[in-house]
Amino acid sequence: MLQRRLFTKTRKEAPKDEVSKNAELLIRGGFIHKEMAGVYSFLPLGLRVIKKIEEIIREEMNAIGGTEMRTAVLQNKEIWEKSGRWDDAVVDNWFKTSLKNGGEIGLSFTNEEAYSNLLTQYISSYKDLPVYPYDFKNIFRNETRSKSGILRGREFYWKALYSFSRDDAEHEEFYEKAKQAYKNIFNRAGIGEYTYLTRASGGSFSEFSHEFQTVTEAGEDTIYITDEEKKEAINKEIAKGNEGREAQAIEVGNIFSLGTKFSEPFGLAYNDADSKKKLVVMGSYGIGLGRLMGTIVEVLSDERGIVWPREVAPFRVHLILVSEDKKIRALADELYKTLTSRGIETLYDDRDVRAGEKFADSDLIGIPSRIIVGNKTIESKLYELKDRESGEMREVSLEHLIEELKS
RNA sequence: CGGGGCGUAGUAUAGAGGCAGUAUGCAUGCUUUGGGAGCAUGAGGCCCGAGUUCAAUUCUCGGCGCCCCGACCA
2 MLQRRLFTKT RKEAPKDEVS KNAELLIRGG FIHKEMAGVY SFLPLGLRVI
52 KKIEEIIREE MNAIGGTEMR TAVLQNKEIW EKSGRWDDAV VDNWFKTSLK
102 NGGEIGLSFT NEEAYSNLLT QYISSYKDLP VYPYDFKNIF RNETRSKSGI
152 LRGREFYWKA LYSFSRDDAE HEEFYEKAKQ AYKNIFNRAG IGEYTYLTRA
202 SGGSFSEFSH EFQTVTEAGE DTIYITDEEK KEAINKEIAK GNEGREAQAI
252 EVGNIFSLGT KFSEPFGLAY NDADSKKKLV VMGSYGIGLG RLMGTIVEVL
302 SDERGIVWPR EVAPFRVHLI LVSEDKKIRA LADELYKTLT SRGIETLYDD
352 RDVRAGEKFA DSDLIGIPSR IIVGNKTIES KLYELKDRES GEMREVSLEH
402 LIEELKS
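Numbering (this note's numbering), first residue to last: 2 to 408.
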């Protein structure tokens with residue numbers, strides 16, 4: 002993509018109303034735009050990152066049997082009354098509104114009710130189970146205090162998967178698979194080494210749950226790391242002895258066993274092989290994509306800007322032209338065509354601005370690799386390839402360049 | 001929801017009861033061109049309402065908005 006097609010611009014100054022590193026860098030780099038407290042729009046660069054994250058999650062969910070669909074955002078209050086979660090005294094962060102011709106509706110803040118209700122139409126036999134539907138969608142929570150940039154918003158994009166199993170044993174088996182899938186996701190997103198499987202409270206759902214906590218000073222939660230090797234921890238809220246290293250962390254994902262808490266009120270049951278009626282055993286598995294994106298920025302950026310891991314970077318390579326010479330521009334244009342035709346996602350900075358500005362912008366935006374085409378390129382016939390993370394610079398031939406960027 | 005802070009140009013900031021300044025960004029011209037260049041010219045601004053006052057962007061009150069700490073976080 003040509004850089005000017007992005008239409009966004011980088012900024013030197015941090016916005017005054019953002020203190021968190023994630024929002025500061027993402028706004029300066031042109032990834033997000035703040036609409037109001039806790040609500041952000043995703044600009045072309047930011048949306049590309051979200052889509053990369055989404056694709057990683059989709060692949061991992063499909064790998065464990067997940068089936069993607071999408072539940073509605075506007076929710077009928079009747080189904081929430083069934084589970085007892087419509088009342089403001091029970092859930093205080095609902096966004097509710099009313100229909101023109103009467104009747105209240107709510108904006109979805111989670112999906113348990115929607116899925117439990119919907120599946121009563123399709124689940125009737127043990128042969129119909131287990132199933133693992135999931136969706137990506139925007140969720141609304143009327144937070145009394147949104148904070149920390151995109152880490153805790155009022156509107157956010159998330160993935161929620163629900164498991165519907167025949168019994169506890171079948172549920173446990175899937176639960177373990179989901180744990181591993183989550184580990185894969187955070188590894189691929191580049192924050193695996195900082196992310197701990199953390200035992201936590203189950204809230205109103207169950208006694209315990211598991212959170213995936215990424216260690217960073219920006220974290221809201223306090224955890225005790227109980228096993229550095231296995232990447233395990235316990236949340237302070239349920240810790241008793243307080244053994245282990247204390248750390249601040251961001252909850253990037255969580256998984257819950259729900260038991261029959263929802264299948265019971267919705268009558269989500271099936272006829273087993275013995276012709277007896279049994280309740281479906283459920284689990285829920287969530288990840289906030291914006292929060293994950295913000296966490297990556299918090300953990301991996303440096304003093305010059307963002308450092309995106311390859312799998313979530315908006316582009317694979319940033320091609321930078323640093324000459325006004327027509328021959329050199331033609332060379333860069335040609336290289337851009339070659340790269341894109343080989344399927345290498347390239348952001349091409351052909352703007353008529355000085356080299357220093359392009360380099361600074363490139364550091365801020367944080368694309369993993371950079372190719373610089375200038376006078377030296379014509380002389381040496383080699384392309385300068387620079388790694389954003391290490392700063393290492395090498396001169397390589399066209400074949401090596403493509404080979405490397407393909408990997 | 002309790003406490004604290006803050007609203008001045010696209011962005012970041014200074015300022016005073018009486019012509020609102022600087023930087024950056026933007027436009028134009030010239031000079032520059034491998035790490036956010038230089039000079040010149042130009043466009044662009046005091047959150048909203050009420051009160052006090054001859055005069056309010058400035059003081060007072062109310063509203064709205066934003067940030068931080070805490071509470072909450074299915």
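For glycine and all other residues, C-beta sits at the position ideal for the given N, C-alpha and C.
Taking 8 Å as the cut-off, decide whether the C-beta atoms of residue i and residue j are in contact.
i	j	result
S202	N236	yes
D351	L27	no
F165	M283	yes
T227	E233	yes
I33	F43	yes
R142	V40	no
R389	G367	yes
L108	V74	yes
V323	A361	no
V50	P315	yes
G409	L48	Given a span of 2 to 408 for the chain in the structure shown, any question on residue 409 remains unanswerable.
E144	N94	yes
Y176	F213	no
E244	Y225	yes
Candidates the options: which alpha carbon is nearest residue i's?
i	options	result
K359	L320, S342 and Y384	L320
E114	F263, Y133 and M2	F263
S205	G193, K22, E177 and S84	S84
I140	T72, Q122 and D168	T72
N23	R146, S285 and E304	E304
E396	A64, Y384 and D388	Y384
Y197	A64, N77, A250 and R155	A250
N112	I186, K231, A356 and Y286	Y286
N272	A333, V50, D168 and P310	D168
P266	W81, V50 and E69	W81
M37	T98, M70 and E19	E19
K128	G30, V281, A333 and K53	V281
K231	E221, E208, P369 and Q181	Q181
Y163	E221, G220, I186 and G66	G66
Y337	G289, I186, A179 and I403	I403
V253	L130, K382, N243 and Y195	Y195
S302	K10, R5, E221 and S21	S21
E56	L386, E229, F187 and I329	F187
I288	G260, P369, A179 and K328	A179
M70	E79, F175, F110 and Y133	Y133
S147	K377, H172 and K35	K35
T339	L406, E14, N376 and T98	L406
For residue i, does the count of other Cβ atoms within 10 angstroms reach 16, so buried, or fall short, so exposed?
i	result
G268	exposed
F8	exposed
L293	buried
G392	exposed
N255	buried
D326	exposed
P16	exposed
A248	buried
R189	buried
G306	buried
V216	buried
I379	exposed
D455	Absent from the structure is residue 455, since the part of the chain shown begins at 2 and ends at 408.
V409	Since the first residue of the chain shown is 2 and the last is 408, residue 409 is not available in this structure.
S363	buried
A331	exposed
A420	Because the chain here runs from 2 to 408, residue 420 falls outside it and cannot be looked at.
A170	exposed
Report, in whole angstroms, the separation of the C-beta atoms of residue i and residue j, which I expect to be a contact under 8 Å.
i	j	result
H211	T223	H211 to T223, Cβ: 17 Å. No contact.
R317	I345	5 Å
I54	V374	No, I54 and V374 are not in contact; Cβ-Cβ is about 30 Å, not under 8 Å.
R29	L399	Not confirmed; about 33 Å, so no contact.
Q76	I106	6 Å
Exercise. How about the segment 225-242 and the segment 85-105: do they share at least three Cβ pairs that are nearer than 8 Å?
Worked result: no
Exercise. Can we say the segment 292-303 touches the segment 338-356, given the rule of at least three CB pairs closer than 8 Å?
Worked result: no
For this session: Could you say if the segment 114-124 and the segment 142-151 meet the contact criterion of at least three C-beta pairs nearer than 8 Å?
Result: no
Exercise. Using 8 Å as the threshold, is the segment 155-170 in touch with the segment 122-137, meaning 3 or more CB pairs across them?
Worked result: yes
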